[in-house]
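Asker: If you count by my numbering, then the sequence shown holds residues 711 to 1014, one letter each, in order.
Glycine is no exception: its CB is placed at the ideal position from the N, C-alpha and C atoms.
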Amino acid sequence: MADQLSKEYMSEASQVFILSLKKLCVPNCVSHTNTPIISISTSNPFDYIKLTTDESYSLKINTEGDSVLINIEAKTVYGARNGLETVRQLVATYGSSVSEKKLVMAGDVQITDRPIYAYRGFMLDTARHYFPISTIKRNIDAMAHSKLNVFHWHATDTHSFPLDLPSAPLMFKYGAYSPDEKYSFKEIKDLLRYALVRGVRIIIEIDSPAHAGNGWQWGKASGYGDLAVCVDKGPWRKYCVQPPCGQLNPINSNTYKWLGKIYKDLINVLPKGEAFHMGGDEVALNCWNATTEITDWMKKNNRN
711 MADQLSKEYM SEASQVFILS LKKLCVPNCV SHTNTPIISI STSNPFDYIK LTTDESYSLK
771 INTEGDSVLI NIEAKTVYGA RNGLETVRQL VATYGSSVSE KKLVMAGDVQ ITDRPIYAYR
831 GFMLDTARHY FPISTIKRNI DAMAHSKLNV FHWHATDTHS FPLDLPSAPL MFKYGAYSPD
891 EKYSFKEIKD LLRYALVRGV RIIIEIDSPA HAGNGWQWGK ASGYGDLAVC VDKGPWRKYC
951 VQPPCGQLNP INSNTYKWLG KIYKDLINVL PKGEAFHMGG DEVALNCWNA TTEITDWMKK
1011 NNRN
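#1: Tell me whether E795 is buried or exposed, calling it buried when 16 or more other Cβ atoms sit within 10 Å of its Cβ.
#2: Alpha carbon to alpha carbon, how far is G909 from N859?
#3: Is there contact between the segment 808-820 and the segment 773-783, where contact requires at least three CB pairs shorter than 8 Å?
#4: Under 8 Å between the Cβ atoms of V941 and C950?
#5: Pick from L761, S888, P755: whose alpha carbon is nearest that of I826?
#6: Across the segment 955-970 and the segment 888-895, are there enough close Cβ pairs to call them in contact, namely three or more that are closer than 8 Å?
#7: Classify L937 as buried or exposed, calling it buried when 16 or more other Cβ atoms lie within 10 Å of its own Cβ.
#8: For a quick check, are the C-beta atoms of K847 and D874 less than 8 Å apart?
#9: Quick one: Cα of Y758 to Cα of G983, how far?
#10: Please look up how many angstroms separate the CB atoms of A790 and T752, rounded, as I've assumed it's under 8 Å.
#11: Short check: CB of H921 to CB of G970, under 8 Å?
#12: Rounded to whole angstroms, what's the CA-CA distance from S777 to C735? Just pull it up for me.
#13: So which of D823, G933, W863 has the shortest CA-CA distance to S768?
#14: For a test of the three-state rule: what should DSSP assign to D851, helix, strand or coil?
#15: DSSP on I1000, reduced to helix/strand/coil?
#16: Across which residues does DSSP place R911 in a beta bridge pair?
#17: The beta strand (DSSP E) that contains A784, what's its start and end?
#18: Between V979 and F895, is the Cβ-Cβ spacing less than 8 Å?
#19: Between which two residues does the alpha helix (DSSP H) harbouring Q714 extend?
#20: Shortest alpha-carbon distance to V814 belongs to which of N744, P879, Y829, Y788?
#21: Closest to P737 by C-alpha separation, out of L800, I780, K812, A784, would be which residue?
#22: Do N924 and Y973 count as a contact pair if the criterion is CB distance below 8 Å?
#23: Counting C-beta neighbours from all protein chains within 10 Å, is the total for R911 16 or more, i.e. buried, or is it exposed?
#24: Assign T868 to buried or exposed, taking buried as 16 or more other Cβ atoms, counted over all protein chains shown, within 10 Å of its Cβ.
#25: With a Cβ-Cβ cutoff of 8 Å, do V797 and M720 count as a contact?
#26: Assuming contact is defined by CB atoms lying nearer than 8 Å, are I898 and H987 in contact in what I supplied?
#27: Given that a residue counts as buried once 16 or more other Cβ atoms are within 10 Å of its Cβ, and exposed if not, what is A854?
#28: Considering Cα atoms alone, identify which of C997, A931, N964, Y934 is closest to P945.
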């Protein structure tokens, strides 16, 4: 390994690999004399995965007597992890009954591999429908097995705001479907590491300025004015592209204050330099044009 962080990463990735092999053996596998020996080498120092990360690897498997020699060479730990994933795909179970089940693998292999696309993504919407962390992890496991590398987490929408952020706790209090249907800051941090060890980066989306309703409706009662307008207003076709309605209030300076707090929390939990998604889709001008506070401001400031 190129450095200590790379060693720590590959240690975790190797444990994930071993666990995936054990799952193939449920309830049990018969032991045999063949001993697999895996050698992994990387040349680049550890860095967080990004669009420019080299995920290529070379894999060689040879059999010498009772030993199966597996050699993986890669520039980065993510390429090496992909190599381990390929090894797992070359392993199968063999035996006519459960009591005779064994793990077998290809004995003479030479593979040079790299992804064609730098961005290989999957999006999950946990705002319209809450998914527990265990389900999200199961999806990330599937991504890792398929060598997908970007989990786009559509975390908030008009329907709900399930993120329990330290700087903006009222967003979750007013925005989650229930007190139990939330993602704590610790869970978010743990999930980021869980995904990274499986070669997956997480891009968190806080949808705005449209698709922002539940979670933002506490502003007026707390002395911050309307942070969002048209929240749950109907008939929905008059105020938004799809129900339920809700858009951020662009003339309220407190809207930007609380957006800043949310963004700062994300920056603090995400890997250094990682992006987060700001939404930007389906802004309905009808909503703003139907809000007196906004139209009065536009007239006063000659913006109409």
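Answerer: In short, the structure shows the following:
#1: buried
#2: Their Cα atoms are separated by approximately 6 Å.
#3: yes
#4: no
#5: L761
#6: no
#7: When all chains shown are included, L937 counts as buried.
#8: no
#9: 9 Å
#10: 5 Å
#11: no
#12: 20 Å
#13: D823
#14: helix
#15: Going by the sequence as given, residue 1000 is Ala instead of Ile. It is coil, neither helix nor strand.
#16: V860
#17: 777-784
#18: yes
#19: 714-734
#20: Of N744, P879, Y829, Y788, the residue nearest in Cα terms is N744.
#21: Ranking the options by Cα distance to P737, first place goes to K812.
#22: no
#23: buried
#24: buried
#25: no
#26: no
#27: By the 10 Å Cβ count, A854 comes out buried.
#28: Measuring from the Cα of P945, the nearest candidate turns out to be C997.
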